[in-house]
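Please read the structure below before turning to the comments.
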Amino acid sequence: MKLKWSQYNIYIPINGSRKLFIFNTLTRGIASIDIEQDFDFQKRPAEYGEKDSIEKLTNLGMVVDYNIDEEILFRYFFNKWRYYRTYRGFIISLTSLCNFSCSYCYESYKDKSKRNQMMTELNWTKLFKFLEKSVSEESVKSLNIAFFGGEPLLNYEVVLKAAQ
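FYI, this note's numbering numbers position 2 of the sequence shown as 7, with every residue one higher than the one before it.
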(Lines of atoms letter the chains of each structure in order from A; the text may use other names.)
(Lines give C-alpha, C1' and ligand atoms only; values in the text may rest on other atoms or scores of the structure.)
Protein backbone atom coordinates (compact mmCIF):
# COMPACT_ATOMS: atom_id res chain seq x y z
CA MET A 6 0.00 0.00 0.00
CA LYS A 7 1.38 3.39 -1.01
CA LEU A 8 1.25 6.00 1.78
CA LYS A 9 1.34 9.79 2.21
CA TRP A 10 1.33 12.30 5.05
CA SER A 11 -2.15 13.54 5.98
CA GLN A 12 -3.03 17.02 4.77
CA TYR A 13 -4.42 17.68 8.25
CA ASN A 14 -1.03 17.40 9.98
CA ILE A 15 0.63 20.31 11.72
CA TYR A 16 4.39 19.95 12.24
CA ILE A 17 5.97 21.62 15.26
CA PRO A 18 9.76 21.53 15.79
CA ILE A 19 10.86 20.92 19.38
CA ASN A 20 13.47 23.55 20.28
CA GLY A 21 16.93 22.20 20.99
CA SER A 22 15.97 18.73 19.89
CA ARG A 23 16.14 16.48 16.84
CA LYS A 24 12.45 15.73 17.31
CA LEU A 25 9.27 17.05 15.78
CA PHE A 26 5.73 17.06 17.16
CA ILE A 27 3.00 16.15 14.71
CA PHE A 28 -0.62 17.04 15.47
CA ASN A 29 -3.40 15.77 13.23
CA THR A 30 -6.29 18.22 13.32
CA LEU A 31 -8.75 15.67 11.95
CA THR A 32 -8.15 12.81 14.40
CA ARG A 33 -6.60 14.93 17.20
CA GLY A 34 -3.70 12.48 17.25
CA ILE A 35 -0.34 13.73 18.50
CA ALA A 36 3.08 12.11 18.22
CA SER A 37 6.74 13.00 18.21
CA ILE A 38 9.21 11.64 15.70
CA ASP A 39 12.94 11.87 15.20
CA ILE A 40 13.67 14.33 12.38
CA GLU A 41 16.32 11.99 11.01
CA GLN A 42 13.91 9.05 10.72
CA ASP A 43 13.39 8.02 7.10
CA PHE A 44 9.75 8.41 6.04
CA ASP A 45 10.25 8.78 2.29
CA PHE A 46 6.89 7.61 0.97
CA GLN A 47 8.13 7.68 -2.62
CA LYS A 48 9.95 4.43 -1.91
CA ARG A 49 8.32 1.02 -2.09
CA PRO A 50 6.23 0.31 1.04
CA ALA A 51 8.67 -2.33 2.30
CA GLU A 52 11.41 0.34 2.46
CA TYR A 53 9.51 2.98 4.49
CA GLY A 54 11.57 2.71 7.61
CA GLU A 55 10.49 1.39 10.98
CA LYS A 56 7.23 -0.52 10.49
CA ASP A 57 6.17 0.05 14.11
CA SER A 58 6.49 3.81 13.68
CA ILE A 59 4.55 3.77 10.41
CA GLU A 60 1.81 1.67 12.02
CA LYS A 61 1.54 4.08 14.97
CA LEU A 62 1.41 7.11 12.66
CA THR A 63 -1.24 5.38 10.55
CA ASN A 64 -3.34 4.57 13.62
CA LEU A 65 -3.16 8.24 14.64
CA GLY A 66 -4.28 9.34 11.15
CA MET A 67 -1.01 11.12 10.38
CA VAL A 68 -0.09 8.75 7.58
CA VAL A 69 -2.86 7.66 5.20
CA ASP A 70 -3.32 5.54 2.11
CA TYR A 71 -2.11 7.46 -0.94
CA ASN A 72 -5.46 7.03 -2.73
CA ILE A 73 -7.68 8.19 0.12
CA ASP A 74 -9.64 11.41 -0.35
CA GLU A 75 -9.25 13.11 3.01
CA GLU A 76 -11.93 15.68 2.15
CA ILE A 77 -14.51 12.86 2.15
CA LEU A 78 -13.09 11.61 5.44
CA PHE A 79 -13.37 15.12 6.88
CA ARG A 80 -17.04 15.39 5.78
CA TYR A 81 -17.76 12.00 7.35
CA PHE A 82 -16.25 13.02 10.71
CA PHE A 83 -17.92 16.43 10.57
CA ASN A 84 -21.37 15.00 9.88
CA LYS A 85 -20.89 12.30 12.49
CA TRP A 86 -20.02 14.96 15.05
CA ARG A 87 -22.84 17.23 13.93
CA TYR A 88 -25.71 14.76 13.69
CA TYR A 89 -24.81 11.75 15.82
CA ARG A 90 -23.30 13.31 18.88
CA THR A 91 -23.13 11.33 22.07
CA TYR A 92 -21.11 14.11 23.71
CA ARG A 93 -22.40 17.48 24.82
CA GLY A 94 -20.47 20.40 26.22
CA PHE A 95 -21.81 23.57 27.82
CA ILE A 96 -20.06 26.69 29.05
CA ILE A 97 -22.15 28.33 31.73
CA SER A 98 -21.62 31.88 32.97
CA LEU A 99 -22.41 32.01 36.68
CA THR A 100 -21.46 35.61 37.38
CA SER A 101 -19.88 38.72 35.97
CA LEU A 102 -18.40 39.50 39.39
CA CYS A 103 -14.63 39.40 39.62
CA ASN A 104 -12.14 40.09 42.37
CA PHE A 105 -9.34 40.94 39.93
CA SER A 106 -8.87 43.90 37.61
CA CYS A 107 -6.92 42.38 34.76
CA SER A 108 -5.96 44.93 32.13
CA TYR A 109 -6.56 42.45 29.30
CA CYS A 110 -10.03 41.36 30.45
CA TYR A 111 -12.75 41.56 27.81
CA GLU A 112 -15.44 41.26 30.49
CA SER A 113 -15.26 44.95 31.41
CA TYR A 114 -18.90 45.68 30.68
CA LYS A 115 -19.55 49.10 29.17
CA ASP A 116 -23.21 48.79 30.09
CA LYS A 117 -23.14 49.26 33.87
CA SER A 118 -26.45 47.42 34.25
CA LYS A 119 -24.72 44.19 33.18
CA ARG A 120 -21.96 44.44 35.76
CA ASN A 121 -22.08 42.38 38.91
CA GLN A 122 -24.79 40.02 37.72
CA MET A 123 -25.09 36.55 39.21
CA MET A 124 -27.05 33.49 38.15
CA THR A 125 -29.71 32.78 40.72
CA GLU A 126 -30.46 29.34 42.13
CA LEU A 127 -33.85 29.51 40.39
CA ASN A 128 -32.17 30.18 37.03
CA TRP A 129 -29.73 27.33 37.69
CA THR A 130 -32.68 25.00 38.36
CA LYS A 131 -34.29 26.03 35.06
CA LEU A 132 -31.00 25.59 33.21
CA PHE A 133 -30.46 22.20 34.84
CA LYS A 134 -33.89 21.02 33.64
CA PHE A 135 -32.95 22.13 30.12
CA LEU A 136 -29.66 20.21 30.36
CA GLU A 137 -31.43 17.08 31.61
CA LYS A 138 -33.96 17.25 28.78
CA SER A 139 -31.27 17.89 26.17
CA VAL A 140 -29.14 14.99 27.39
CA SER A 141 -31.99 12.48 27.70
CA GLU A 142 -33.62 13.31 24.34
CA GLU A 143 -30.44 12.88 22.38
CA SER A 144 -29.05 9.83 24.23
CA VAL A 145 -25.90 11.69 25.23
CA LYS A 146 -23.31 9.47 26.90
CA SER A 147 -20.87 12.16 28.00
CA LEU A 148 -21.59 15.63 29.35
CA ASN A 149 -19.00 18.33 30.05
CA ILE A 150 -19.94 21.48 31.92
CA ALA A 151 -17.46 24.34 32.31
CA PHE A 152 -18.24 27.26 34.58
CA PHE A 153 -17.33 30.66 33.25
CA GLY A 154 -17.72 34.24 34.30
CA GLY A 155 -15.77 36.88 36.05
CA GLU A 156 -14.88 34.46 38.84
CA PRO A 157 -17.42 31.61 39.09
CA LEU A 158 -16.54 30.82 42.73
CA LEU A 159 -17.87 34.24 43.75
CA ASN A 160 -21.28 32.65 43.13
CA TYR A 161 -20.41 29.82 45.50
CA GLU A 162 -23.97 28.76 46.39
CA VAL A 163 -24.88 28.10 42.75
CA VAL A 164 -21.55 26.33 42.15
CA LEU A 165 -22.36 24.01 45.08
CA LYS A 166 -25.87 23.38 43.80
CA ALA A 167 -24.50 22.69 40.30
CA ALA A 168 -21.87 20.31 41.64
CA GLN A 169 -24.58 18.27 43.37
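C-beta: ideal position from N, C-alpha, C; glycine also. This one's a predicted model, so the numbers in the text were calculated from it and none came from an experiment.
Determine whether the beta carbon atoms of residue i and residue j lie at a separation below 8 Å.
| i | j | result |
| --- | --- | --- |
| Tyr92 | Ser147 | yes |
| Ser11 | Leu31 | yes |
| Leu99 | Gly21 | no |
| Ile97 | Leu65 | no |
| Leu62 | Asn104 | no |
| Gly94 | Asn29 | no |
| Met67 | Asn128 | no |
Near residue i, which residues of its chain fall below 6 Å by C-beta distance, leaving aside the five closest residues on each side in sequence?
| i | result |
| --- | --- |
| Met7 | According to the sequence as given, residue 7 is Lys; it is not Met. These residues qualify, in order along the chain: Tyr71. |
| Gln122 | Ser101 |
| Ala151 | Ile96 |
| Glu143 | none |
Rounded C-beta distance between residue i and residue j? I'm assuming under 8 Å.
| i | j | result |
| --- | --- | --- |
| Ile40 | Arg23 | 5 Å |
| Val69 | Glu75 | 7 Å |
Cutting at 8 Å between CB atoms, please list the residues of its own chain near residue i, excluding the five before and the five after it.
| i | result |
| --- | --- |
| Glu126 | Glu162, Val163 and Lys166 |
| Glu156 | Thr100, Leu102, Cys103, Asn104 and Phe105 |
When DSSP labels each residue in this structure, what does residue i get in the three-state scheme?
| i | result |
| --- | --- |
| Leu25 | strand |
| Phe152 | strand |
| Val98 | According to the sequence shown, residue 98 is Ser rather than Val. Three-state DSSP puts Ser98 in a strand. |
| Arg33 | coil |
| Asp39 | strand |
| Phe105 | coil |
Using the DSSP secondary-structure output, state which residues sit across from residue i in a beta bridge.
| i | result |
| --- | --- |
| Pro18 | Leu25 |
| Lys9 | Val69 |
| Tyr92 | Ser147 |
| Met123 | Thr100 |
What does a CB cutoff of less than 7 Å around residue i pick up in its chain, not counting 5 residues either side in sequence?
| i | result |
| --- | --- |
| Ile73 | none |
| Phe26 | Ile17, Ile19, Ile35 and Ser37 |
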